[in-house]
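Worksheet for the structure shown next.
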Amino acid sequence: METLDVRPPMQDRVIDQFSGGNQQKVVLGRLLRTEPKVLVLDEPTQGVDVGAKDTIHRLIVDAASAGAGVIICSTDVEELVQVATRVLVFRRGLPGAELTGQDLNVERIEEEQLLAADVRPINETAEAAFQKGITHA
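To convert, take the position in the sequence shown, counting from 1, and add 421; that gives my numbering.
Spelled out as structure tokens, the structure:
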């Protein structure tokens, strides 16, 4: 429990009485004990506090460093920047952009998300958006 930084109010509580963050850490810790070759995580830190988020990020990075392949589906852009070495942004169900290295930052990911959602930048004129729509149809 120390390795996972699990802090239940009482040590003898059953897991369903733990906080959401502690539950998430226990589930991830239990999974990591099996030394998986691949981890597929969907929103691994959604709804947890900052401390739990940091611990979960550390566990994910440690698993990747130990050789596990890690796939994270997340809408938390800052989380992706912290733990990922490569980010794929999907458009219409297919990879639309691959970001690595210096391109792997909050601004660039958000820009690609806007493109994937086909949302026009706020400073683009209606005429320019209309013309782009015609040429991209």
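Note that CB positions come from ideal geometry on N, CA and C, so glycine has one too.
- Take Q467, set aside five residues on each side of it, and no residue of its chain has a beta-carbon closer than 7 Å to its own.
- Bridge partners of R507 according to DSSP: T521.
- Closest in alpha carbon position to A487, among G517, T521, T455, L535, is T455.
- DSSP, read as helix, strand or coil, puts R512 in strand.
- One alpha carbon belongs to Q534, the other to L509, and they sit about 10 Å apart.
- Here V504 really is in contact with I481; their C-beta atoms are around 5 Å apart, less than 8 Å.
- About 5 Å separates the Cβ atoms of I530 and V498, confirming a contact at the 8 Å cut-off.
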